[in-house]
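In case it helps, the working numbering puts the sequence shown at residues -9 to 94.
Report on the following structure.
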Amino acid sequence: MLSTAVKLLVTLPGQIHPEQYHEKKEETFHVLHGELDLVLDGEIHTLRKGGVVTVMPNVRHAFSSKTGAVIEEISTTHHVGDSYYVDPEIAKNKNRKTFIKYWM
């Protein structure tokens, strides 16, 4: 199923989102609050409030924050099952994410 998706991601101080990639999905990260260290194919980029970066398909990416951050993730398409973690053990944990849905 194809659909546009906008997600708010909260990264707590010291939290790390492990390295992954998407075969189909292109996503844009917009930092709404805090500072984010984003690793793209092994290269570190530090984004501050207002920073924006687009991650293309097949680019390995991971992120973390020393102080905490709120990130808006915007993807032009969303494909269920298109997240591939470099560490295969992560995908086995079915409780690795918390989802909150709301409508306005």
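Glycine residues also receive a C-beta, built at the ideal position from the N, C-alpha and C atoms.
- Approximately 24 Å separates the beta-carbon atoms of GLY58 and GLY32; this is outside 8 Å, ruling out the contact.
- Counting other Cβ atoms within 10 Å of its Cβ, LEU28 reaches 16 or more and is therefore classed as buried.
- By the neighbour-count criterion, in which a residue is buried when 16 or more other Cβ atoms sit within 10 angstroms of its Cβ, LEU2 is exposed.
- In the DSSP assignment, LYS39 falls outside any alpha helix (DSSP H), carrying neither H nor E.
- Spatial neighbours of ARG38 in its own chain (CB-CB distance under 6 Å, excluding positions within 5 residues in sequence) are listed in chain order as GLU25.
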